[in-house]
Amino acid sequence: MSALNLVMLGPPGAGKGTQAERLARAHGIPRISTGDILREAVAAGTEIGRLAKAIVDRGELVGDGVVIGIVQERLDRDDVRRGFVLDGFPRTVAQAQALDRMMDGADPLVVVDIVVPEDELVRRLLTRMVCESCGATAGGMDGGATPANCRKCGGRLVQRSDDNKRVVLERLRVYLRETKPLVEYYSARPTFRSIDGTQAPDCVASALVRAIQEVDGGPPGSEEGRR
Ligand code: AP5
Ligand code: MG
């Protein structure tokens with residue numbers, strides 16, 4: 006069986022994390038979120054965390070060398086043999102070129118771009134609550150009631166430090182300048198698909214499952230991605 010080597014592209018708030026988690030669980034492969042890895046490094050006070058904190062809080066991008074090193078180290082581990090879901094990487098052309106070099110000889114990348122208009126992205130990010138302890142997203146979905154505490158671990162719900170209006174607008178500017186060019190970088194590949202991210206999360210999940218089946222032949226169990 007071939008590996009599912011999936012890249013989730015899309016602007017801040019598009020639903021990359023939401024969908025990456027479902028797909029990774031359905032396929033039994035790791036979700037690799039560079040944003041989560043950097044936030045964990047900040048919380049742990051490691052050298053990378055100390056370097057990244059101010060950059061993440063301003064909504065700018067951490068240097069290519071640092072992030073490429075993180076992903077290279079992660080993709081060297083054994084648990085990616087059946088594939089992976091990359092969430093938030095690559096974000097620059099230099100990162101995409103580095104990923105292509107890392108994938109030399111591996112199964113082709115499947116790249117999905119989740120498309121959502123800017124006003125909806127801003128709405129989602131300014132209403133998102135995350136768990137202070139485990140980082141899970143809670144609430145913020147289409148007006149659904151936000152629980153008092155994290156459903157996964159009972160932790161306190163807070164806003165992410167970069168989910169305020171000034172930083173959200175900067176993240177969107179950085180996305181347009183640095184990351185949107187990746188749509189052009191990948192779009193000529195037969196394994197690239199664009200997905201309407203304004204649909205309800207279950208519909209986005211179904212569209213992703215269909216797109217992956219189209220381009221990858223769909224490993225058994227991929228229908229699970231709908232759940
Ligand atoms: P990162 O953590 O990757 O943040 P981001 O790209 O800005 O994206 P978000 O996590 O905000 O959004 P998402 O698309 O995951 O949406 P979600 O599913 O949560 O990066 C943070 C920072 O780290 C960067 O700014 C940078 O500084 C640094 N960094 C990370 N990677 C880097 C790299 N490669 N290079 C350099 N620097 C890097 O959904 C958002 C909300 O919408 C949630 O509340 C969710 O419940 C809701 N929602 C989801 N889907 C739907 C739907 N279909 N309908 C309605 N609501 C929905
Ligand atoms: Mg995310």
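If you're matching positions, the sequence shown starts at 6 in the numbering used here and goes up one per residue.
Beta carbons are placed, not taken as given, at the ideal position from N, Cα and C, and that holds for glycine.
To the nearest angstrom, how far is it from the Cα of P113 to the Cα of L80? 15 Å
Mind checking which residues open and close the beta strand (DSSP E) that includes M13? L9 to L14
Pocket of the ligand MG (residues with CB nearer than 7 Å to any heavy atom), chain order: K21, G22, S38, G40, D92 and G93
Going by other Cβ atoms of all chains shown within 10 Å of its Cβ, with 16 needed for buried, is C155 buried or exposed? buried
Within 10 angstroms of the Cβ of L181, are there 16 or more other Cβ atoms? Answer buried if so, exposed if not. exposed
Can you determine whether any heavy atom of the ligand AP5 sits closer than 6 Å to the C-beta of R133, and answer yes or no? yes
Secondary structure at S199, three-state DSSP: helix, strand or coil? strand
Out of V172, R161, D207 and A101, which one is the CA nearest neighbour of L11? A101
E52 to A46 span [Cα, whole Å]: 8 Å
Rounding to the nearest angstrom, what Cα-Cα distance links V67 and A111 in this structure? 27 Å
Does the beta-carbon distance from A216 to R198 come in below 7 Å? yes
Run through DSSP, which three-state label would D221 get? helix
For D168 and S7, what's the separation of their Cα atoms in angstroms? 38 Å
Please say whether G88 and I34 have beta carbons closer to each other than 7 Å? yes
Output the distance between the C-alpha atoms of R232 and D207, rounded to the nearest integer angstrom. Residue confidence is low: R232 scores 40 on pLDDT, short of 50, so the model does not pin down where it sits. Its coordinate-derived value is still stated next. Going from the Cα of R232 to the Cα of D207 covers about 7 Å.
Between the alpha carbons of M134 and Q164, how many angstroms are there, rounded? 5 Å
Range of the contiguous beta strand (DSSP E) that encloses L91: G88 to D92
Pair within 7 Å by beta-carbon distance, Q24 and L213: yes
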